[in-house]
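Those letters in the sequence shown? Residues -25 to -1, 1 to 134, per mature numbering (1 follows the signal peptide of the UniProt record, and there is no 0), in order. Ideal Cβ positions, reconstructed from N, Cα and C, are used throughout, including at glycine. Please read all numbers here as calculations on a predicted model, not as lab measurements. What follows is a single structure, written as structure tokens, with notes after it.
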Amino acid sequence: MDRRTFLKTAVAGSVAAGFAGTAFAAEYYFPAQVDQSLFAGINRAKDPAKKSGLEKSHAPVLTAPSTVKAGEPFTVEVAVGETLHVMGPSHWIGSIELNIGNEPAGRVDLQPKGYLKPKVAFTVVVPKEAVPSGKVTLVAKQQCNLHGLWEGSLDITVN
């Protein structure tokens, strides 16, 4: 075998082994199959009284006072799911964000490790001029690497 043939064969073999190794690594690190329809839009609990298992572990749950005073800080807790979502190397929550109406109020980016739990607390202030009707909707969104973008909301009164 001449040198040129040897090099061509070696390069071709290395490329083929690289693709096979990549496919094996993808299956090893991401063994769960992804439902592509969950990435088509924003997912919400269809019936809050009868949530499916996927909705119980992915729809954001907001906890805040039902009535707050304008201009005074209050705490909004956002948990990913009624049963707290797991965090692991193949299935994790990438971020949690909170909006007050359409305005962004905060965002937390999470790492795909087992050290964190996807539950955060935001301290927010709603100015009186921002809520002329006296009511506002808090909207939380979270991004799951396998199940897409999920949204939950909570209406509060601002005095």
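CB of residue i within 7 Å of CB of residue j, strictly
| i | j | result |
| --- | --- | --- |
| Ala34 | Ala45 | no |
| Lys110 | Glu126 | no |
| Gly89 | Gly69 | no |
| His66 | Leu121 | yes |
| Leu113 | Leu129 | yes |
| Val55 | Val101 | no |
Secondary structure of residue i, DSSP reduced to three states
| i | result |
| --- | --- |
| Glu47 | coil |
| Val100 | coil |
| Thr58 | coil |
| Ser41 | coil |
| Lys94 | strand |
Integer Cβ distance of residue i from residue j, believed to fall under 8 Å
| i | j | result |
| --- | --- | --- |
| Val53 | Val99 | Their Cβ separation, rounded to whole angstroms, is 11 Å, which puts Val53 and Val99 out of contact at 8 Å. |
| Glu57 | Lys31 | 5 Å |
| Phe97 | Gly81 | 5 Å |
| Ile75 | Val83 | Rounded, the Cβ-Cβ distance is 16 Å, inconsistent with contact. |
| Ile131 | Val43 | 6 Å |
Limits of the beta strand (DSSP E) - the one that residue i falls within
| i | result |
| --- | --- |
| Ser65 | Looking at the DSSP string, Ser65 is not in any beta strand (DSSP E), and its letter there is neither H nor E. |
| Gly123 | 123 to 133 |
| Gln118 | 110 to 119 |
| Gly81 | 78 to 84 |
Per DSSP, cross-strand counterpart(s) of residue i
| i | result |
| --- | --- |
| Gly89 | In the DSSP output, where bridge partners are listed per residue, Gly89 has none listed. |
| Ser70 | Asp84, Gln118 |
| Val53 | Leu37, Val95 |
The alpha helix (DSSP H) enclosing residue i, as first and last residue numbers
| i | result |
| --- | --- |
| Lys31 | 28 to 33 |
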